[in-house]
Amino acid sequence: MIISSSTDYRAAAQKRLPPFLFHYIDGGAYAEHTLRRNVEDLAGVALRQRVLKDMSRLDTGIELFGEKLALPVALSPVGLTGMYARRGEVQAARAADRKGIPFTMSSVSVCPIEEVAPRIQRPMWFQLYVLKDRGFMRNALERAQAAGCTALVFTVDMPVPGARYRDAHSGMSGPHAALRRYVQAATHPRWAWDVGLRGKPHDLGNISAYLGKPTGLADYMGYLGANFDPSISWKDLEWIRDFWKGPMLIKGILDADDARDAVRFGADGIIVSNHGGRQLDGALSSARALPAIADAVKGQIKILADSGVRSGLDVVRMIALGADAAMIGRAYIYALAAQGESGVSHLLDLLEKEIRVAMTLTSVSSIAQITGDLLVRETRP
């Protein structure tokens, strides 16, 4: 199979993965309207093509929170990454490290923090939810800080889990889920051998380290479902802001008023995100929410954006809409599932090439020059 885009990697991942894993990463909440709009709205953002400006020298690098990045891109936190490739968090982190961009580790990863951090040169970022079990939160923060994680990504758009209908149909949840997953694994022998057998242990590494016992998929659904905290408010984040010594980003911002609250709270950055369309179906796409948020807080706080980013062109679009950088989640998981570390490396090379093409054809030589002036205004979300 010829792979020249993230769309190709998605097709390859679908062939390789058991359905319960493919649909878990591919799906969204309810009827998946927001999931689709994330991609469609971003694809509908038109850019001004400019010519004859001498684009022989381009700089795709940025500085973010004191770190130099080769691209204005970071890998988003994705739970269960280690189920998509053997010790998947390690493979993805190494690919990001080689490319000179941050890898963000999910608190519900398969590999624990201590397995991933020593395998890379660049410090990784760490993601955490607000949970009822504050002991786990403190334990995870202490371990992330000890491992040298530089930035904390705090996900706040999950006080309750979204209704993801695909999971019940695919075998991720629902009646006889464990048996259905076993049958699916048996009919996907390449995944079963590489990940199912050679990728053990299949537990939630960070939660297992805290609980002192192995955990699995049942614990993933059960522990998290019982521990999401619908009472969350800004005051619940204050002790974390005091404890964490590095940059802190609030992930899950879709409203300008919430962005202003993040500035008042003292966050170092926000991530404009609807959780990839996996929470509130009918919420604004990130592309539509971003301009108003940028108008409200640009320059006061760093703005990153995810949900719907599938190409380097999409990265440029997000920055033109007001972001300082973009994050990718599904796109790199598809590549990881299809070809492991080499797939993620290849995808990041494709993103860089696409960013360079977009910069050349819009006549900008640095990321700082990507502004709202590049937008064809009648198509702005």
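Per this note's numbering, the sequence shown runs over residues 1 to 381.
Glycine included, C-beta positions come from ideal geometry on N, C-alpha and C.
The structure presented is a predicted model; accordingly, all values stated were derived computationally and were not measured.
Among the options, the one whose alpha carbon lies nearest that of residue i
{"i": "ALA383", "options": "GLY216, PHE22, ALA209", "result": "A question about residue 383 goes unanswered here, because the residues of the chain that appear run from 1 up to 381."}
{"i": "ILE333", "options": "PHE20, LEU58, LEU80", "result": "LEU80"}
{"i": "ARG190", "options": "ASP349, ARG86, LEU152", "result": "ARG86"}
{"i": "LYS298", "options": "HIS33, ILE355, ARG260", "result": "ARG260"}
{"i": "ILE328", "options": "SER311, VAL357, ALA337", "result": "SER311"}
{"i": "LEU347", "options": "ARG356, LEU336, LEU375", "result": "LEU336"}
{"i": "PHE382", "options": "ALA74, ARG264, HIS275, PHE136", "result": "Limits of the chain in this structure are 1 at one end and 381 at the other, which puts residue 382 out of reach."}
{"i": "ALA93", "options": "ALA117, ARG180, LEU179", "result": "ALA117"}
{"i": "GLY372", "options": "LYS353, VAL316, GLN339", "result": "VAL316"}
{"i": "ALA325", "options": "SER273, PRO175, MET137, GLY277", "result": "SER273"}
{"i": "GLY162", "options": "THR360, SER208, GLY27, GLU341", "result": "GLY27"}
{"i": "ARG164", "options": "PHE20, LEU313, GLY61", "result": "PHE20"}
{"i": "ALA70", "options": "SER76, ILE101, VAL45", "result": "ILE101"}
{"i": "MET83", "options": "VAL45, THR150, LEU141, ARG181", "result": "ARG181"}
C-alpha distance - residue i paired with residue j, whole-angstrom precision
{"i": "ILE113", "j": "GLY205", "result": "8 Å"}
{"i": "ASP242", "j": "SER363", "result": "43 Å"}
{"i": "VAL78", "j": "ASP203", "result": "15 Å"}
{"i": "VAL344", "j": "ALA43", "result": "22 Å"}
{"i": "ASP268", "j": "TRP239", "result": "15 Å"}
{"i": "LYS251", "j": "LEU152", "result": "10 Å"}
{"i": "ASP236", "j": "MET248", "result": "14 Å"}
{"i": "ALA178", "j": "GLY171", "result": "7 Å"}
{"i": "GLN339", "j": "ARG264", "result": "43 Å"}
{"i": "ILE120", "j": "VAL195", "result": "21 Å"}
{"i": "ALA185", "j": "HIS33", "result": "30 Å"}
{"i": "PRO123", "j": "ILE207", "result": "21 Å"}
{"i": "GLU89", "j": "GLN127", "result": "13 Å"}
{"i": "TYR9", "j": "GLU115", "result": "26 Å"}
{"i": "VAL183", "j": "ASP314", "result": "38 Å"}
{"i": "ASN139", "j": "ARG377", "result": "48 Å"}
{"i": "VAL322", "j": "SER285", "result": "A small correction: the amino acid at residue 322 is Gly; Val does not occupy that position in the sequence shown. Answer to the nearest angstrom: the Cα atoms are 14 Å apart."}
DSSP-derived helix/strand/coil call for residue i
{"i": "THR155", "result": "strand"}
{"i": "PHE243", "result": "helix"}
{"i": "GLY252", "result": "strand"}
{"i": "GLN121", "result": "coil"}
{"i": "VAL376", "result": "coil"}
{"i": "GLY308", "result": "coil"}
{"i": "GLY205", "result": "helix"}
{"i": "ILE62", "result": "strand"}
{"i": "PHE116", "result": "Sequence inspection shows Val at residue 116; the Phe mentioned does not correspond to that position. DSSP places VAL116 in helix when its eight states are reduced to three."}
{"i": "SER107", "result": "coil"}
{"i": "ALA144", "result": "helix"}
{"i": "ALA74", "result": "strand"}
Buried/exposed call for residue i, threshold 16 Cβ in 10 Å
{"i": "MET318", "result": "buried"}
{"i": "ARG50", "result": "exposed"}
{"i": "PRO230", "result": "exposed"}
{"i": "HIS176", "result": "exposed"}
{"i": "ASP349", "result": "exposed"}
{"i": "TRP125", "result": "buried"}
{"i": "SER4", "result": "exposed"}
{"i": "THR60", "result": "buried"}
**Message:** Across the segment 300–311 and the segment 33–45, are there enough close Cβ pairs to call them in contact, namely three or more that are closer than 8 Å?
**Reply:** yes
**Prompt:** Okay, do the segment 278–298 and the segment 249–262 touch, 3+ Cβ pairs below 8 Å being the bar?
**Reply:** yes
**Item:** Any 3 or more C-beta pairs closer than 8 Å across the segment 12–20 and the segment 155–162
**Value:** no
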